[in-house]
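Residue numbers (the numbering used here), protein chains in the order written: chain A, 1 to 231; chain B, 1001 to 1101.
No residue lacks a Cβ here, since even glycine has one placed at the ideal position from N, Cα and C.
As the structure is a computational prediction, the values presented were derived from the model and not from experiment.
In structure tokens, the structure reads:
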């Protein structure tokens, strides 16, 4: 098993520009320390129609109302910063916001992983090659490449992005690694509720028992800790 | 719950996702009904919901739900409606202070 940079085709070059946009990094920094409720706010705003902040504050009183003002230092400020950045993403237009949302989930995954493993071991857009096995076309969004144990992450904005192809690619990588006597943990990261992901997965027959699912409620597990229970 | 029904009607334009759309509708409506039943049991004497651990006022909750429904109703694109079939219940449960979405 070995890792390789993905080919830089035209799509990859365009997408690399999105990934490098400062707004993506800003959003990832904010979401890395966000509560699950604040992450749902980001998801709603980046999926939403309303471009003014006021109505969103009304929709999420636990994040902006009196309770938020009484919360720990910085809670309300973080809610405001997430709202502002999310509105910027939503304001980029339908096509662009879709690319941004995917890039944000990837950047967030990378940032959370860096709290558990050495940043040097974390790579983006990598293919995994196995002896005698044709390489997959699509690279993995994020990989952890460390001696003894490797991890491969596929990042999705929503549960609807879960497909049989994705599940097969992740499980195939795990099985091929195992055949070489190596350990590879495949992980599906979805910025959506587990309930919606389970609904999506229930209709698929593709193998997934060896694939770990991380959802919007449990993103902090990427960093090796449990999610906070507060809003 | 009626807003979810309206999202379903819009999302059904995406033929390939018919089963997923109705599966989402089924599980999220069940979750919202369960939360509503719990809230009814815990309701305070003045009628305000005891959800949100008592930290939010009834007025804040009512305004939040009303505005969330308006946001969902503003979604016209069927693909975005599918996204909102998952987003609306999550946001509603965050507003209510309910866990385990």
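Looking at residue i: is its Cβ nearer than 9 Å to the Cβ of residue j?
i	j	result
residue 27 of chain A	residue 184 of chain A	no
residue 89 of chain A	residue 46 of chain A	yes
residue 36 of chain A	residue 216 of chain A	yes
residue 187 of chain A	residue 201 of chain A	no
residue 44 of chain A	residue 1036 of chain B	no
residue 3 of chain A	residue 174 of chain A	no
residue 6 of chain A	residue 107 of chain A	no
residue 41 of chain A	residue 86 of chain A	yes
residue 219 of chain A	residue 191 of chain A	yes
residue 49 of chain A	residue 1074 of chain B	yes
residue 13 of chain A	residue 96 of chain A	no
residue 160 of chain A	residue 1017 of chain B	yes
Look up residue i in the DSSP assignment and say whether it is helix, strand or coil.
i	result
residue 130 of chain A	strand
residue 216 of chain A	coil
residue 1019 of chain B	helix
residue 137 of chain A	coil
residue 60 of chain A	coil
residue 124 of chain A	strand
residue 191 of chain A	coil
residue 2 of chain A	strand
residue 206 of chain A	coil
residue 180 of chain A	coil
residue 1090 of chain B	helix
residue 151 of chain A	strand
residue 145 of chain A	strand
residue 185 of chain A	strand
residue 223 of chain A	helix
Below 8 Å on the Cβ atoms is my guess for residue i versus residue j; work out the distance and round it to an integer in Å.
i	j	result
residue 1081 of chain B	residue 1007 of chain B	5 Å
residue 142 of chain A	residue 124 of chain A	6 Å
residue 199 of chain A	residue 1027 of chain B	5 Å
residue 101 of chain A	residue 157 of chain A	4 Å
residue 23 of chain A	residue 56 of chain A	Incorrect: roughly 18 Å between the Cβ atoms, too far for contact.
residue 1088 of chain B	residue 1064 of chain B	Contact flag wrong, Cβ pair sits at about 12 Å.
residue 151 of chain A	residue 144 of chain A	4 Å
residue 93 of chain A	residue 51 of chain A	11 Å between Cβ atoms; not a contact.
residue 1060 of chain B	residue 65 of chain A	5 Å
Can you find the residues in the same chain that come closer than 6 Å, C-beta to C-beta, to residue i, ignoring five residues on each side of it along the sequence?
i	result
residue 1076 of chain B	none
residue 223 of chain A	112, 115, 116
residue 182 of chain A	1
residue 180 of chain A	1
Within a Cβ cutoff of 7 Å, which residues of the same chain sit near residue i, ignoring the five residues on either side of it in sequence?
i	result
residue 168 of chain A	206
residue 68 of chain A	62, 75, 76, 79
residue 1013 of chain B	1078
residue 208 of chain A	167, 171, 201
residue 1069 of chain B	1003
residue 15 of chain A	99
Enumerate in chain order the residues of its own chain whose CB-to-CB distance from residue i is below 8 Å, with the five nearest sequence positions on each side excluded.
i	result
residue 1085 of chain B	1004, 1007, 1008, 1011, 1021, 1024, 1025, 1028
residue 146 of chain A	117, 118, 121
residue 154 of chain A	140, 141, 166, 169, 170, 186, 187, 188, 189
residue 21 of chain A	100, 103
Hey, is the stretch 15-33 of chain A in contact with the stretch 1054-1065 of chain B, meaning 3+ C-beta pairs nearer than 8 Å?
-> no
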